[in-house]
Amino acid sequence: MTRHVGIASGSASARRAVARWAFRLFFRERRQQLVIVSVIAVAVAAAVCSVATVFNLPDSPSARFGTAEQLLTYSSRDPAEIADRVASARETLGTVEVIGHDSLPIPGSAERFDVRAQDPHGEFSEGTVRVIHGRLPTADTEVAVTDKVAATFAVRIDGVISAGRAQRTVVGVVENPYDLGDEFVLLPPSADDAFTSVSVLAAASETDLQSYHQSTGGSAVEVRPTSISKAAAAGMLAASTVVFLLVALVASAGFAVVAQRRMRQLGMLAAVGATDRHLKLVLLVHGAIVGVVASGIGTTLGLVGWFTLAHRVEGAAGHRIAAFNLPWMMLIGALVIGVLVPLAAAWWPSRSMPRMSIVDAISLRPPTPRRVRASIVGAMLALGGGVALAALSNQTNPVPLIAGMTSLVVGILLACPPAIRAMAKLARRAPVTTRVALRDLGRYQARSGAALAAISLALGIPIAIMLVATAADRTAAESAGDGNLAETQLLITINHPTGLQVLAPNLTETQLADMHATVADLANTLDHTTVVPLGMAVDPRTAADGRPLVEVGELEAGHEDRFHSVSMFVASPELLSFLKIDSTAIPADAEILSATPNVILIGTGTRGEPATAYRIGPPRYSALPRAFITDAGLATFGLQSTPIGWILESAQQVTDVQLSSARQIAARSGFEIEARHGPASRGAIKAGATAVGALFALVIVAMTVGTIRGEAAGELRTLTATGASGMIRRALTATTAASLAAAGVILGTIGAYLGLIGAYMRHLSRLGDVPIANLLFALVAVPLLGGAVGWCLGGREPSTFAQQSVD
Numbered sequence: 075m076t077r078h079v080g081i082a083s084g085s086a087s088a089r090r091a092v093a094r095w096a097f098r099l100f101f102r103e104r105r106q107q108l109v110i111v112s113v114i115a116v117a118v119a120a121a122v123c124s125v126a127t128v129f130n131l132p133d134s135p136s137a138r139f140g141t142a143e144q145l146l147t148y149s150s151r152d153p154a155e156i157a158d159r160v161a162s163a164r165e166t167l168g169t170v171e172v173i174g175h176d177s178l179p180i181p182g183s184a185e186r187f188d189v190r191a192q193d194p195h196g197e198f199s200e201g202t203v204r205v206i207h208g209r210l211p212t213a214d215t216e217v218a219v220t221d222k223v224a225a226t227f228a229v230r231i232d233g234v235i236s237a238g239r240a241q242r243t244v245v246g247v248v249e250n251p252y253d254l255g256d257e258f259v260l261l262p263p264s265a266d267d268a269f270t271s272v273s274v275l276a277a278a279s280e281t282d283l284q285s286y287h288q289s290t291g292g293s294a295v296e297v298r299p300t301s302i303s304k305a306a307a308a309g310m311l312a313a314s315t316v317v318f319l320l321v322a323l324v325a326s327a328g329f330a331v332v333a334q335r336r337m338r339q340l341g342m343l344a345a346v347g348a349t350d351r352h353l354k355l356v357l358l359v360h361g362a363i364v365g366v367v368a369s370g371i372g373t374t375l376g377l378v379g380w381f382t383l384a385h386r387v388e389g390a391a392g393h394r395i396a397a398f399n400l401p402w403m404m405l406i407g408a409l410v411i412g413v414l415v416p417l418a419a420a421w422w423p424s425r426s427m428p429r430m431s432i433v434d435a436i437s438l439r440p441p442t443p444r445r446v447r448a449s450i451v452g453a454m455l456a457l458g459g460g461v462a463l464a465a466l467s468n469q470t471n472p473v474p475l476i477a478g479m480t481s482l483v484v485g486i487l488l489a490c491p492p493a494i495r496a497m498a499k500l501a502r503r504a505p506v507t508t509r510v511a512l513r514d515l516g517r518y519q520a521r522s523g524a525a526l527a528a529i530s531l532a533l534g535i536p537i538a539i540m541l542v543a544t545a546a547d548r549t550a551a552e553s554a555g556d557g558n559l560a561e562t563q564l565l566i567t568i569n570h571p572t573g574l575q576v577l578a579p580n581l582t583e584t585q586l587a588d589m590h591a592t593v594a595d596l597a598n599t600l601d602h603t604t605v606v607p608l609g610m611a612v613d614p615r616t617a618a619d620g621r622p623l624v625e626v627g628e629l630e631a632g633h634e635d636r637f638h639s640v641s642m643f644v645a646s647p648e649l650l651s652f653l654k655i656d657s658t659a660i661p662a663d664a665e666i667l668s669a670t671p672n673v674i675l676i677g678t679g680t681r682g683e684p685a686t687a688y689r690i691g692p693p694r695y696s697a698l699p700r701a702f703i704t705d706a707g708l709a710t711f712g713l714q715s716t717p718i719g720w721i722l723e724s725a726q727q728v729t730d731v732q733l734s735s736a737r738q739i740a741a742r743s744g745f746e747i748e749a750r751h752g753p754a755s756r757g758a759i760k761a762g763a764t765a766v767g768a769l770f771a772l773v774i775v776a777m778t779v780g781t782i783r784g785e786a787a788g789e790l791r792t793l794t795a796t797g798a799s800g801m802i803r804r805a806l807t808a809t810t811a812a813s814l815a816a817a818g819v820i821l822g823t824i825g826a827y828l829g830l831i832g833a834y835m836r837h838l839s840r841l842g843d844v845p846i847a848n849l850l851f852a853l854v855a856v857p858l859l860g861g862a863v864g865w866c867l868g869g870r871e872p873s874t875f876a877q878q879s880v881d
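Following my numbering, the numbering of the sequence shown begins with 75 at its first residue and continues without gaps.
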């Protein structure tokens, strides 16, 4: 712009004019500023709240170590041996704290509660015991229990419970604030029970540890692990920067619209002598004002949200949370980023606006749209580099992983303008409304490209979360790490105080009938239950010595003298069908079915008797049978089948009420029940990521569609003046929104898959399971919903057909 001498001659007056005009831009465009401030404030609030949450979610090493640096565990049936080892640790390691351990069986369950003799104010464990109700035990006849123990045994304060081989009075309810899942019975440290297991806490130096290792012949010592709280919070803050980039893309379009709407005022400011530097400062100071206001509001909302949320996530975290235990420096970093984002977003229009002439600015002559010359080759190189860097990280090195994700984001950003141009070319033979809408996207591809990049990132992040959750499900299935049982299954085993010899074939028909009746009662506590009986092989020849049970030994590869024993079940047709093992493929001479081809029988009197084995796949859940003996094996080795338990599978997930009822029935009949205690299903994560991503993308579509259609306001006035109905105006806006949403979903999915292909380069099979339902929702529903949003926003008729008045 041609400049005249005016405010530029005095630096003080220039600074005042810059500040005055920046505040005018902020206050006069309140409606547009409200959108930008809201987006940035929400992003800052989400970053603050998520960083605070992630910082407090990881488990704390203090749950087991307290303030100690080392944890030693001794187990022996001889209390004198344990006392000698504790004395040796005390002598070598210095100050130690000893905690005695015993176990308390749960009636009708295979699980047990820990009974521990511990000083709640000990040298290292202080803070690991917190009183909820009542008081701590002080006498040997007193105990305190956790809430689950109290509920399981239906005992209250002043009640009596059998713990530590004696009847004791309950005087309080306690918890481990660092691990709410730690269920135990607390004895006073003076309890004189002869414990067969103890934990020793110490804080010894490296020299003392080496001396201890030499004196004990290399006894194992568990060292306190490093807390991952700060690393997790830093990772969350790094992930939040991607969201801030998304917000910057949306805000940049908003600042460009504000600058366009105030073009006449900026032209008049230039006419009285403002330089290009002053005009840039006006927009940059305007961005700084927006950033300060939005970051202040966002930080306040984020902290309020965290203080409200802190105690409500304790159940999910599994430990108590101190609301003010926060990574303050990281939160300040989020606040600073929140201020820098609108500054970066305002920098773009600050470069383009001073290039206009004063006459064009004052006359509100729209600038000629500049085509963004983003190269497809550059986008492909950035995307390929992102995949390579993610593969280089091997999911363990964060530096190349972050660099790879950044490269992928740059690649998506570079791919957006070519995608916009491609959509404009495809619309040549489309109906007039579609052609006008897509042509406008192509004309204003700088802003439409920014909006498309924002939508792609908004959808790419949750799609990546969906794919990671699906890959985690597949990984768990491949490693049989999906837990012990399914959420719909119960494993019932017969527990008799005299041992397994009573299960030899001398069980009477009455005993068998009683057991089956009990199992039927257990099945009735569930919903439409399938009952699968379990039998094990016993050797009548060894029943006299109390060890009739026959197991299978799986030989280790390359070590024929090493094996590990596995419980062996009778391969009944019902059991094989339940486990989806094809019985027709099993050879007639197969004696053993096992996941390992080389096996021996253990317990048949010869300790290691070879058997003909047929290899099968491992079960999905670890508690299900994995080794079987066939009818041919029973006949060959002279073994007999005896009932050992049942698998119950319900049509619905087993609830806590159903499990409690089943345990009561099992306890009365000498049964033990094992229920699922593996990882929870990730279906909720995938569904939540899909919903949040779709909602976020639709919000961005709603905010950007008005911005993009606002660029073509003159055309809209012309269409209205020539008789275009509200239906046509709605179709224009709906087409714009649906096109952006569809392109954003496609680019987001491509980016998510490319990033994960790099991260899982060595385990690509884990990406084999495609979450079809979730992806279809994103690929189909999001564009349809985006079109619906545009349809709802596009029917208003322009209030005037004249140019914008001077104000």
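Glycine residues also receive a C-beta, built at the ideal position from the N, C-alpha and C atoms.
Model, not experiment: these values are computed from the prediction.
On a CA-only basis, which of the options is nearest residue i? Give me that one, please.
{"i": "L487", "options": "S522, A462 and L512", "result": "S522"}
{"i": "L183", "options": "Q738, L500, G412 and Y827", "result": "Going by the sequence as given, residue 183 is Ser instead of Leu. Ranking the options by Cα distance to S183, first place goes to Q738."}
{"i": "A276", "options": "A268, V118, I411 and Y286", "result": "Y286"}
{"i": "V856", "options": "A815, A741 and T147", "result": "A815"}
{"i": "I676", "options": "A662, V626 and S735", "result": "V626"}
{"i": "R903", "options": "A157, I110 and L713", "result": "A query on residue 903 cannot be resolved here, the shown segment of the chain reaching from 75 to 881 and no further."}
{"i": "S264", "options": "E249, I690, E216 and A697", "result": "E216"}
{"i": "W421", "options": "L357, P536 and R694", "result": "L357"}
Return helix, strand or coil for residue i, following the three-state DSSP convention.
{"i": "E249", "result": "strand"}
{"i": "M801", "result": "helix"}
{"i": "T166", "result": "helix"}
{"i": "G208", "result": "strand"}
{"i": "E723", "result": "strand"}
{"i": "L649", "result": "helix"}
{"i": "S183", "result": "strand"}
{"i": "V203", "result": "coil"}
{"i": "S899", "result": "With the chain covering 75 to 881 only, the question about residue 899 has no answer from this structure."}
{"i": "G555", "result": "With a pLDDT of only 49 at G555, under 50, the local geometry of the prediction cannot be trusted, and the value read off the model is given with reservation. Coil."}
{"i": "L131", "result": "coil"}
{"i": "S285", "result": "helix"}
For residue i, which beta-bridge partners are listed by DSSP?
{"i": "F745", "result": "I568"}
{"i": "S530", "result": "None, per the DSSP bridge assignment."}
{"i": "H175", "result": "R190 and S271"}
{"i": "A368", "result": "In DSSP, A368 forms no bridge with anything."}
{"i": "Y688", "result": "L667"}
{"i": "M610", "result": "F643 and T716"}
{"i": "R694", "result": "DSSP output for R694 lists no bridge partner at all."}
{"i": "V217", "result": "V244"}
Around the Cβ of residue i, are there at least 16 other Cβ atoms within 10 angstroms (buried) or fewer (exposed)?
{"i": "D613", "result": "buried"}
{"i": "H393", "result": "buried"}
{"i": "W23", "result": "For the chain, the structure presents residues 75 to 881; residue 23 sits outside this window and is missing."}
{"i": "T226", "result": "buried"}
{"i": "A161", "result": "exposed"}
{"i": "Q284", "result": "exposed"}
{"i": "L586", "result": "exposed"}
{"i": "V461", "result": "buried"}
{"i": "T169", "result": "exposed"}
{"i": "P135", "result": "buried"}
{"i": "E165", "result": "exposed"}
{"i": "E171", "result": "buried"}
Could you compute how far the alpha carbon of residue i sits from the alpha carbon of residue j?
{"i": "I703", "j": "T710", "result": "11 Å"}
{"i": "M835", "j": "G534", "result": "19 Å"}
{"i": "L167", "j": "D282", "result": "6 Å"}
{"i": "F745", "j": "T567", "result": "6 Å"}
{"i": "R159", "j": "T270", "result": "12 Å"}
{"i": "V673", "j": "A706", "result": "16 Å"}
{"i": "R27", "j": "P251", "result": "Missing from the structure shown is residue 27; the chain here goes from 75 to 881 and no further."}
{"i": "V506", "j": "K499", "result": "14 Å"}
{"i": "L108", "j": "L377", "result": "21 Å"}
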